[in-house]
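Some notes on the structure that comes next.
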Amino acid sequence: MKVEVISYTRDCEKLIAAASKLTLSKKPFEEIWGSLSEDEIDTWIKETVIRWHFSPWEHCVYTFYISGVSRVLTHQLVRHRIASYSQHSQRFKALHDIEFVVPDRINMSEEAKRLFLDTVDNAKDAYRKLIEKGIPFEDARYILPQAVTTKILVTMNARELMHFFSLRMCTRAQLEIRRLAWLMWRKVYELHPRLWKWAGPRCLQTENLIRRNPIEFPRVLEEAEVEFVSEKCPEGLPRESIIKCLRHSYHEVSK
Numbered sequence: 046m047k048v049e050v051i052s053y054t055r056d057c058e059k060l061i062a063a064a065s066k067l068t069l070s071k072k073p074f075e076e077i078w079g080s081l082s083e084d085e086i087d088t089w090i091k092e093t094v095i096r097w098h099f100s101p102w103e104h105c106v107y108t109f110y111i112s113g114v115s116r117v118l119t120h121q122l123v124r125h126r127i128a129s130y131s132q133h134s135q136r137f138k139a140l141h142d143i144e145f146v147v148p149d150r151i152n153m154s155e156e157a158k159r160l161f162l163d164t165v166d167n168a169k170d171a172y173r174k175l176i177e178k179g180i181p182f183e184d185a186r187y188i189l190p191q192a193v194t195t196k197i198l199v200t201m202n203a204r205e206l207m208h209f210f211s212l213r214m215c216t217r218a219q220l221e222i223r224r225l226a227w228l229m230w231r232k233v234y235e236l237h238p239r240l241w242k243w244a245g246p247r248c249l250q251t252e253n254l255i256r257r258n259p260i261e262f263p264r265v266l267e268e269a270e271v272e273f274v275s276e277k278c279p280e281g282l283p284r285e286s287i288i289k290c291l292r293h294s295y296h297e298v299s300k
């Protein structure tokens, strides 16, 4: 799996802060933009988190190139509809160097792995034979397993990314797309840390909605002394297990 950010809004943090301030200010936008200090940028971004006011985040856009993932993953990914997608076609292009994603839990069993590899190899051979017999690509592809790798271009605004992270960074998400979500989060966090330190699984986002001072996600991952006030996470996990669950997810996808 590989993730690259190929395009993004350069002044994302300042733009979101300025948009947030605009909603409560009498000043014209150009004056807000020209006078916004670094401290104010942090303050107004934090204000969006405290007030759950994420419409200013929609002004920032990121485009990712994702490769080496399965069709299982992209079927889940495209369910996030406030986004734009361009995926490699199986209908109009024959697949030549066919590769497959082997799930971790299948990989851990030699017997399961052999069964999996034999099955996908048979499907790959059958696909090629169908193409040789003149069967159209769009029909031959029916025989391919969902494990076949693909590549896709994804564009999301920051608000949709925040929602995507809330669902797909959670341990309840399937491991492959969870790994993707964490990789994407790391990429945008490197670009705009003042923004994306507030992102994370849904348990963190709902926790920050009820706190006087929201938690920065990296502090949780860095083993800092933090405590949640929520009685349970949105998935029903009790308070005392939430941070352990978060860190487990982090370490699992980092393997």
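Using the working numbering, the letters of the sequence shown map in sequence onto residues 46 to 300. The C-beta atom is built at its ideal place from N, Cα and C for all residues, glycine as well. Predicted model only: the values in this text are computed from it and were never measured.
Residue range 57–67 is occupied by the alpha helix (DSSP H) that includes Ala62. For Thr251, the enclosing alpha helix (DSSP H) begins and ends at 247–255.
A residue is called buried once 16 or more other Cβ atoms fall within 10 Å of its Cβ, and Val114 is buried on that count. The three-state reading of DSSP puts Ile111 in strand, counting E and B together. For Gln135, no beta strand (DSSP E) encloses it, and the DSSP letter there is neither H nor E. Between Arg124 and the set Phe209, Thr216, Lys242, the nearest pair of CA atoms involves Phe209. Taking Phe74 as the centre and dropping the five residues before and after it, the same chain places the C-beta of Ala63, Leu67 closer than 8 Å to its C-beta, in chain order.
Close CB contacts of Phe161 within its chain, under the 7 Å cut and outside five residues either way in sequence, are with Val147, Ile151 (chain order). C-alpha of Ser134 to C-alpha of Ser80: approximately 48 Å in a straight line. Contact between the stretch 177–190 and the stretch 221–239 is absent, with fewer than three C-beta pairs closer than 8 Å.
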